[in-house]
Each structure stands twice: as structure tokens, then as C-alpha cells.
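Take a look at the structure below.
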Amino acid sequence: MNAAQKRSWAIVIGMSLALVLCVLALIVHRLGAGSPKPLLALAAVAQGAGVVVCFRVKPDKGPVVSDERDKQIEKNAYLAGFGAVYLFVILASFAPIAIFGEKGSLPVTWCPGLLIGAGLCQAYAMSVATLVQYGRTGKGELT
Amino acid sequence: MNRAQKIAWSYLISISLGFLASVAFIIVLYPKLGMPGALRGFGCIGLGGLGALSHLVFKKEHTDVQFDERDRLFHQRAWFAGYCASYLFFVVIGMTTWFMHGPDGTISVNVLPLTIIGGMMALTLAHSVTILEQYGWTNRGEES
Numbered sequence: 062m063n064a065a066q067k068r069s070w071a072i073v074i075g076m077s078l079a080l081v082l083c084v085l086a087l088i089v090h091r092l093g094a095g096s097p098k099p100l101l102a103l104a105a106v107a108q109g110a111g112v113v114v115c116f117r118v119k120p121d122k123g124p125v126v127s128d129e130r131d132k133q134i135e136k137n138a139y140l141a142g143f144g145a146v147y148l149f150v151i152l153a154s155f156a157p158i159a160i161f162g163e164k165g166s167l168p169v170t171w172c173p174g175l176l177i178g179a180g181l182c183q184a185y186a187m188s189v190a191t192l193v194q195y196g197r198t199g200k201g202e203l204t
Numbered sequence: 056m057n058r059a060q061k062i063a064w065s066y067l068i069s070i071s072l073g074f075l076a077s078v079a080f081i082i083v084l085y086p087k088l089g090m091p092g093a094l095r096g097f098g099c100i101g102l103g104g105l106g107a108l109s110h111l112v113f114k115k116e117h118t119d120v121q122f123d124e125r126d127r128l129f130h131q132r133a134w135f136a137g138y139c140a141s142y143l144f145f146v147v148i149g150m151t152t153w154f155m156h157g158p159d160g161t162i163s164v165n166v167l168p169l170t171i172i173g174g175m176m177a178l179t180l181a182h183s184v185t186i187l188e189q190y191g192w193t194n195r196g197e198e199s
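Quick note, the sequences are listed as chains A and B, same order.
Under this note's numbering, read the first sequence as residues 62 to 204, first letter to last.
Under this note's numbering, read the second sequence as residues 56 to 199, first letter to last.
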């Protein structure tokens, strides 16, 4: 498994775990079954751990660290990330009309929240696209 | 000039025309309607959509090699530039709105869909400019 695959796995696992914990926190909040704060704190820790592991992955060693195929995979991953961001931004922009109605208004904090969501979406989609292209296991890839 | 250049020029001209027409209409309507009534001049931005017709007008070239690795690289770079421009647009608009209204402010639900239209215009403009920048703005060196 190469460094890009390891980084992608760290991001995918960290973010997936954080997402599940956030959904659980939302369910707990809705059901009134206690405070969702511990779950949200755990989600933040999971997300943070994923990012830390991603940065701690050591670069590949060897005479050829990155070739044309790696560059192409990276470019495709970026494009997949951009596509996911567009989808997210379009959904998050039209959802308030469906929720609040045509004459409704929404808090302006939605705007920076949208950008943060877009960034997370980009990272997740890029990692998934990288894993799909290299393969999810170490088969055929240098360690 | 090849097909990609012609299409890029069409988008560039139609979007610029739409933008200039919008500004002109807003200036003309402002004394009569004031703000925000004059903003209906922004409807002229729809002229930018005429650029999409260029895909039908400029037919595919009948040559042995229509699209090679160099063309693919140019298009990939152009899409990157387009996406980066639209990303930048979203960030600037999002943060400007936040700074203008303050953390406790509210905005109409219609603002965000308009932002997407702006982002797509930024994408198309940056894509066209990058295509022309790489192939060249004139027909020099490119087959017609």
C-alpha cells in the first residue's frame, strides 16, 4: 500500500466515523435520550485523529516515488472532489427553499458552514476516488 | 482556429455581452425604479447562455486525429482552472455575505441559488480563458 492509499484510508475512516457519530448525536438529540455533546466530542476526536494520521504517514521511498500514472490518479481524484463539492453546494443551496419556503430567510452563518462542508466533501471524495483508482488493498502497490 | 478555441471565444463573448448588458440595463432602470427594482436588469445575464449554442454551430472537425493527448491535457487544465475559479467565487461570496450581515444576520433563501449561477459563470469564463491562453487567442499554429 503506498502513502497516498494510507492517507486516503485515514481520511475515509476518520470522516466516516465522525459522520456516524454526528448522526447518532442527532438521533439522541431528537429522542431526548440525553446530551449529544459527548458524541459530538467523540466525532471531533475521530475527525482530528484521521487528519493527524494523514499528516503522519511517511512518504514513499525508492528510486521512483511518483510516476505519470500517480499524477493522473491525483488529477482524477481532484476532479472527483470538485464534482462532489458542486453537488454538495447545489444541494445545500436549494435545500433552504424546500425547508423554509420561497419567502423564507436563513441565518447568514449558513454561508461559512457551506464552505466548511464543501471542504470536507472535497477531502472525502478525493480520498474515495484515490482508493478506487489504486485499489483498496495493498495488492500491486509498493509499500 | 480549432473547434475548442471557437467555442471558448463564443462563451467569452456571450458572457461578457450578458454582463455588460446587465450593467447597462441597471444604469438605465435605476433612475426610474431605484434599488432593488433596477436589479431586474440582471436578467440580461441570460444572454450568456447563447454561448452554449456554439457546440451546435461549430461542427466537429473531419480530420484523422480530432483529439490527441495535448488537447486532453489542455482541457484537463482548463477544467481545473474553472473549478478553482468557481471555488474562489463561492468562498468570496460566502464570506462577504457573512461580513456584511454579521454573525446574527439573515439572508433570503434565494441568495444561495443565485450564488451557484455566479459560480458556474466563473467556471465557464475561467475555462474559456484557459483554453484560449493555452491554444493561443488567434488562429496562429492551430488548424481550422
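Built from N, CA and C at the ideal position, the CB exists for glycine as well.
Predicted model, so just to flag it, every value in this text is computed and none were measured.
Mind listing the chain B neighbours of residue i? Cutoff is C-beta to C-beta under 7 Å, in chain order.
i, result
"K132 (chain A)", "Ordered by position in chain B, no residue passes the 7 Å Cβ test against K132 (chain A), which lies about 11 Å from the chain."
"L167 (chain A)", "T161, I162 and V164"
"P150 (chain A)", "It is worth fixing the name first, because residue 150 (chain A) is Val in this sequence and not Pro. Within 7 Å Cβ-Cβ: F145 and I171."
"K136 (chain A)", "Q131"
"F143 (chain A)", "Y138"
Across which residues does DSSP place residue i in a beta bridge pair?
i, result
"T161 (chain B)", "A:P168"
In angstroms, rounded to a whole number, what distance separates the CA positions of residue i and residue j?
i, j, result
"S77 (chain B)", "R95 (chain B)", "9 Å"
"M76 (chain A)", "G111 (chain A)", "7 Å"
"R132 (chain B)", "S141 (chain B)", "14 Å"
"P158 (chain B)", "L167 (chain A)", "12 Å"
"V73 (chain A)", "Q194 (chain A)", "15 Å"
"A63 (chain B)", "V146 (chain B)", "25 Å"
"I186 (chain B)", "V164 (chain B)", "35 Å"
"C99 (chain B)", "E116 (chain B)", "32 Å"
"G178 (chain A)", "F149 (chain A)", "8 Å"
"G103 (chain B)", "E163 (chain A)", "26 Å"
"Q92 (chain B)", "I82 (chain B)", "One detail in the question is off: residue 92 (chain B) reads as Gly in this sequence, not Gln. Taking the straight line from one Cα to the other gives about 11 Å."
"F87 (chain A)", "Y139 (chain A)", "For the record, residue 87 (chain A) in the displayed sequence is Leu; it is not Phe. Approximately 31 Å, taken between the alpha carbons."
"T152 (chain B)", "N137 (chain A)", "32 Å"
"G89 (chain B)", "D119 (chain B)", "58 Å"
"F143 (chain A)", "T179 (chain B)", "14 Å"
"L169 (chain B)", "A156 (chain A)", "13 Å"
"L80 (chain A)", "A104 (chain A)", "7 Å"
"K122 (chain A)", "P173 (chain A)", "39 Å"
"V89 (chain A)", "A102 (chain A)", "14 Å"
"K61 (chain B)", "Y190 (chain B)", "11 Å"
"S127 (chain A)", "L108 (chain B)", "41 Å"
"Q121 (chain B)", "R127 (chain B)", "11 Å"
"M62 (chain A)", "R117 (chain A)", "15 Å"
"C115 (chain A)", "V125 (chain A)", "21 Å"
"R68 (chain A)", "L181 (chain A)", "15 Å"
"L84 (chain B)", "F97 (chain B)", "11 Å"
"W171 (chain A)", "I162 (chain B)", "9 Å"
"I172 (chain B)", "L176 (chain A)", "16 Å"
What is the C-beta distance between residue i and residue j, in whole angstroms, given that I count them as a contact (C-beta under 8 Å)?
i, j, result
"R58 (chain B)", "F113 (chain B)", "5 Å"
"A64 (chain A)", "K98 (chain A)", "The pair is not a contact, with the Cβ atoms about 36 Å apart (cut-off 8 Å)."
"A181 (chain B)", "G137 (chain B)", "5 Å"
"T191 (chain A)", "I134 (chain A)", "7 Å"
"A177 (chain B)", "F144 (chain B)", "4 Å"
"Q183 (chain A)", "V146 (chain A)", "5 Å"
"L167 (chain B)", "S188 (chain A)", "Not confirmed; about 27 Å, so no contact."
"G160 (chain B)", "V169 (chain A)", "4 Å"
"L82 (chain A)", "L100 (chain A)", "5 Å"
"Y66 (chain B)", "G101 (chain B)", "Their Cβ separation, rounded to whole angstroms, is 14 Å, which puts Y66 (chain B) and G101 (chain B) out of contact at 8 Å."
"A141 (chain A)", "A186 (chain A)", "5 Å"
Note down, in chain order, every chain A residue with its Cβ under 8 Å from the Cβ of residue i.
i, result
"P168 (chain B)", "S154, F155 and I158"
"G149 (chain B)", "C172, P173, L175 and L176"
Cβ closer than 9 Å: which chain A residues qualify as neighbours of residue i?
i, result
"P158 (chain B)", "P168, V169 and T170"
When you measure from the CB of residue i to every non-hydrogen atom of the ligand COA, does any distance come out below 7 Å?
i, result
"V83 (chain B)", "Questions concerning the ligand COA fall outside what the structure shown contains, since it holds no ligand whatsoever."
So residue i contacts chain B; which residues on that side make the cut at Cβ distance below 9 Å?
i, result
"L140 (chain A)", "Q131, W134, F135 and Y138"
Give me the chain B residues within the contact set of residue i, using Cβ-Cβ distance strictly less than 8 Å, ordered along the chain.
i, result
"F161 (chain A)", "V164"
Give me the chain A residues within the contact set of residue i, using Cβ-Cβ distance strictly less than 7 Å, ordered along the chain.
i, result
"T152 (chain B)", "V169 and C172"
Any beta-carbon of chain D closer than 8 Å to the one on residue i?
i, result
"I100 (chain B)", "No chain D is part of this structure, whose protein chains are labelled A and B."
Complete runs of the alpha helix (DSSP H) confined to the segment 88-127 of chain B [at least 4 residues]: 109-112
Unbroken stretches of the beta strand (DSSP E), 3 residues or longer, contained in the segment 79-148 of chain A: none
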